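Undergrad: Position 393 of the sequence shown, counted from 1, bears residue number 507 in my numbering, the numbering being contiguous throughout. Sending over a structure as structure tokens; questions will come in a sec.
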Amino acid sequence: MAQSTLFVALCVFAASAFASKDLTAHFLAPRNLIPKSLQVKNYPGQCTAADQTKTKSCLDSYFLTYGIDSSKGLPGFSEYMKRTESVIIQYGAAGFDFYCDFESTLETCLGSLMTSACMNPDGFVKMYGLEQLEAINYATSYPVESYTCQYKDLAKSYYPCMMDMQNDGLQGLVDCTLAMSKEFENATDTCVPIDHYVTCIENYYVQYCDEGIRSYICNTQEIAFNFDMDGMCQNKMHQSTFFAPVPSLPQKPNYPGHCSLSDEQTTKKCLNAYFAAYGIDATKGLPDYYEYQAKITSITDNYGVQGYDIYCDYECTLETCLGKLMNSSCMNPNAFTIMYKTNQANSINYATSFPVEAYTCANKEVVKENYDCMVDVSKNHFQGIIDCSNALNAALPGTDDTCGDLSTYILCMEDLYVGLCGPSMKGFICNTQEISFNFDMNNFCEGKMPDCEALIVLSSIVIRITLCIDCQTNAEAHLPDAPPGPAAGKL
Numbered sequence: 115m116a117q118s119t120l121f122v123a124l125c126v127f128a129a130s131a132f133a134s135k136d137l138t139a140h141f142l143a144p145r146n147l148i149p150k151s152l153q154v155k156n157y158p159g160q161c162t163a164a165d166q167t168k169t170k171s172c173l174d175s176y177f178l179t180y181g182i183d184s185s186k187g188l189p190g191f192s193e194y195m196k197r198t199e200s201v202i203i204q205y206g207a208a209g210f211d212f213y214c215d216f217e218s219t220l221e222t223c224l225g226s227l228m229t230s231a232c233m234n235p236d237g238f239v240k241m242y243g244l245e246q247l248e249a250i251n252y253a254t255s256y257p258v259e260s261y262t263c264q265y266k267d268l269a270k271s272y273y274p275c276m277m278d279m280q281n282d283g284l285q286g287l288v289d290c291t292l293a294m295s296k297e298f299e300n301a302t303d304t305c306v307p308i309d310h311y312v313t314c315i316e317n318y319y320v321q322y323c324d325e326g327i328r329s330y331i332c333n334t335q336e337i338a339f340n341f342d343m344d345g346m347c348q349n350k351m352h353q354s355t356f357f358a359p360v361p362s363l364p365q366k367p368n369y370p371g372h373c374s375l376s377d378e379q380t381t382k383k384c385l386n387a388y389f390a391a392y393g394i395d396a397t398k399g400l401p402d403y404y405e406y407q408a409k410i411t412s413i414t415d416n417y418g419v420q421g422y423d424i425y426c427d428y429e430c431t432l433e434t435c436l437g438k439l440m441n442s443s444c445m446n447p448n449a450f451t452i453m454y455k456t457n458q459a460n461s462i463n464y465a466t467s468f469p470v471e472a473y474t475c476a477n478k479e480v481v482k483e484n485y486d487c488m489v490d491v492s493k494n495h496f497q498g499i500i501d502c503s504n505a506l507n508a509a510l511p512g513t514d515d516t517c518g519d520l521s522t523y524i525l526c527m528e529d530l531y532v533g534l535c536g537p538s539m540k541g542f543i544c545n546t547q548e549i550s551f552n553f554d555m556n557n558f559c560e561g562k563m564p565d566c567e568a569l570i571v572l573s574s575i576v577i578r579i580t581l582c583i584d585c586q587t588n589a590e591a592h593l594p595d596a597p598p599g600p601a602a603g604k605l
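Printed below as a string of structure tokens:
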């Protein structure tokens, strides 16, 4: 499900614990040395004998897929990591499919026990007789593995450059670790050196890959640190570029009908030029959706509130180029699959994003006026967004009132932003969420969700093109040679 807010996710596991110099990190991650810190066990509470037996049964089956007979005990964590790495080494990026199948089977077997006291370090000590350090490493690895598999396509797309980083850039990761160790010596707040370390690791991976990998690195590092320290630094580290996902809903593609060959060619020509403005060569295919979103986010990262002028210039020029095709079957998820061979999730995300982007730019001044507050929400009040999303995630399975649950989610998001930014955000948040849901579900819930405060509702392409009077004209002919906007060469 595409979101009205931008997010991206990319991964490497850095901190299964802060301990010895032989500490091995997650596969595809640097084997860096993480200084020791006080370990506060996550998943508090008691693991009953019955739950422990169930947990161990699931884990034993999981380890067996890697050729580990855990009924005889677990090997050292570094040996376990070598087993998981061997899947990737043998099959390349496609090995993630095997790896994530194993992980998914474990999650299904464990159910709610996956995040219970049975899966904290003490649980591993009791089940397998591990030393404390090894127990911490094993326990911390699973939240990161779960995140990796949630964004498996991103990990696969960045696999080659991450391997290059490991092979050729290891010294940079060692430098990050040494800098953190030195900073710890005089630190009054443990979280500050950790935050600096995460940024350092991000920068090295960006240098070897591109800016799109930053959030993946950031999130996997912070997930590991937050788990290992029981969330002590959760609100003291910089915000990864990540927006809480909304679960996929039954997809009913909007813009029904057939896209003729000539219309498809025109649509792809306009889209290719649009993507080129973000430094994406769409003639070679589209990247994972979250990488594309990272490119968009980089505009406001580089230019602040004025970045919306650049962003909306690109969007407006695309609309002018497409004309009536903007609202045609050439812009539905099936069309993206045909034009760019994207998988279903990416096709849905790309197609759903354009109506939301059009609405955002039609109401650009509202966004600009509230820019500082929106940044503050994403940086300092992100837990509220996660809480809204988690409530929806919990409500949807087996629900008989999907539209009611979506309404509750929209009101939750409204309350968050209005409470922190003021009433001017109410209509914007409500409309962007509903546009996304209505497009994705072919208006299944239209009339069954909250009445949004009217801003500029984009019901006709004529209205949108009228709003684009300041962007370049004759864009269809102009775009392929000269993407608009001063940031085009910087993305």
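Cβ coordinates follow ideal geometry from the N, Cα and C atoms, glycine included. Computed from a predicted structure; not experimentally measured.
Which value, in whole angstroms, describes the spacing of the CA atoms of Asn234 and Ser192?
TA: 18 Å
Undergrad: Under DSSP, the alpha helix (DSSP H) around Thr513 begins and ends at which residues?
TA: No alpha helix (DSSP H) holds Thr513; DSSP gives it neither H nor E.
Undergrad: Just to confirm before moving on: does the CB-CB distance between Leu534 and Cys502 stay below 8 Å?
TA: Annotated as distal: Leu534 and Cys502, with beta-carbon spacing of 8 Å or more.
Undergrad: Should the stretch 370 to 377 be regarded as contacting the stretch 435 to 449, the criterion being three or more beta carbon pairs within less than 8 Å?
TA: Contact between the stretch 370 to 377 and the stretch 435 to 449 is present, because at least three Cβ pairs lie under 8 Å.
Undergrad: Measuring straight from C-alpha to C-alpha, what distance separates Arg578 and Glu433?
TA: Because the pLDDT at Arg578 is just 34, under 50, the model does not fix this residue reliably, and the point stays unresolved.
Undergrad: Does at least one heavy atom of the ligand MG sit under 7 Å from the Cβ of Ser200?
TA: No copy of the ligand MG appears in this structure; indeed no ligand is present at all.
Undergrad: Rounded to a whole number of angstroms, what is the C-alpha to C-alpha distance between Cys323 and Asn317?
TA: 10 Å
Undergrad: According to the neighbour-count rule (16 or more other Cβ atoms, all chains shown, within 10 Å of its Cβ), is Lys562 buried or exposed?
TA: exposed
Undergrad: Could you give the distance in angstroms between the alpha-carbon of Lys87 and the alpha-carbon of Lys266?
TA: It is not possible to answer for residue 87, since the shown part of the chain is limited to 115 through 605.
Undergrad: I'd like to check one pair, Ser550 with Val470: are the Cβ atoms closer than 8 Å?
TA: yes
Undergrad: Have a look at Glu336, Cys347, Thr291 and flag the residue whose alpha-carbon is nearest the alpha-carbon of Asp303.
TA: Cys347
Undergrad: For Lys409, count the other beta carbons within 10 Å of its own beta carbon; 16 or more makes it buried, fewer makes it exposed. Which is it?
TA: Under a 10 Å Cβ-count criterion, Lys409 is classified as buried, with 16 or more other Cβ atoms of the shown protein chains found around its own Cβ.
Undergrad: Which of the three DSSP states, helix, strand or coil, is assigned to Met195?
TA: helix
Undergrad: My output table needs one value for Tyr272: the three-state DSSP class, helix, strand or coil.
TA: coil
Undergrad: Which complete alpha helix (DSSP H) runs does the stretch 228 to 268 hold, if anything under 4 residues is left out?
TA: Listed in chain order, they are 235 to 242, 246 to 264.
Undergrad: For Gln379, which option in Leu436, Ile327, Tyr404 has the closest C-alpha, if you only look at C-alpha atoms?
TA: Leu436
Undergrad: Tell me which residues share the same chain as Gly159 and place their Cβ nearer than 6 Å to its Cβ, disregarding the 5 neighbours each side in the sequence.
TA: Ala231
Undergrad: Compare the C-alpha of Ala391 against each of Glu429, Asp402, Asn416, Gly399 and name the closest.
TA: The residue with the shortest Cα to Cα distance from Ala391 is Glu429.
Undergrad: Quick check: what's the CA-CA separation for Asn281 versus His352?
TA: 28 Å
Undergrad: What separation, rounded to the nearest whole angstrom, lies between the Cα atoms of Glu221 and Ser271?
TA: Cα to Cα, Glu221 sits roughly 24 Å from Ser271.
Undergrad: Count the other C-beta atoms from every protein chain shown that fall within 10 angstroms of the C-beta of Ile202, then say buried if there are 16 or more, exposed otherwise.
TA: buried
Undergrad: Would you mind sorting Thr397 into buried or exposed? The rule is 16 or more other CB atoms within 10 Å of its CB.
TA: exposed
Undergrad: My understanding is that Asn552 touches Cys544, with C-beta atoms under 8 Å, so please give their C-beta distance in whole angstroms.
TA: Incorrect: roughly 12 Å between the Cβ atoms, too far for contact.
Undergrad: Using three-state DSSP, classify Asp501 as helix, strand or coil.
TA: Asp501 carries a helical assignment under DSSP once its states are collapsed to helix, strand and coil.
Undergrad: Spatial neighbours of Ile394 within its chain, please: CB distance less than 8 Å, with the 5 preceding and 5 following residues excluded, ordered by chain position.
TA: Closer than 8 Å at Cβ, skipping near neighbours: Leu400, Pro401, Tyr406, Lys409.
Undergrad: Please determine if the stretch 241 to 257 and the stretch 183 to 192 are in contact, where contact requires at least 3 C-beta pairs separated by less than 8 Å.
TA: Yes, the stretch 241 to 257 touches the stretch 183 to 192.
Undergrad: Starting from Val470, trace the alpha helix (DSSP H) in both directions and tell me its first and last residue.
TA: 458 to 476
Undergrad: Count the other CB atoms within 10 Å of the CB of Thr431; is the residue buried (16 or more) or exposed (fewer)?
TA: buried
Undergrad: How many Å lie between Lys493 and Val481 at the Cα?
TA: When rounded, the distance between both Cα atoms is 16 Å.
Undergrad: Excluding five sequence neighbours on each side, which residues of the same chain lie with their C-beta closer than 7 Å to the C-beta of Ile524?
TA: Shown here for Ile524: same chain residues with a beta carbon closer than 7 Å to its own, the five before and five after excluded, namely Cys544, Gln547, Glu548, Met563, Pro564 in chain order.
Undergrad: With burial defined as no fewer than 16 other Cβ atoms inside 10 Å of the residue's Cβ, what is the status of Gly541: buried or exposed?
TA: buried
Undergrad: By the DSSP assignment, the alpha helix (DSSP H) with Thr434 in it spans what residues?
TA: 421 to 436
Undergrad: Are the beta-carbon atoms belonging to Cys332 and Val306 less than 8 Å from one another?
TA: no
Undergrad: Considering Asp165, what are the terminal residues of the alpha helix (DSSP H) in which it resides?
TA: 163 to 178
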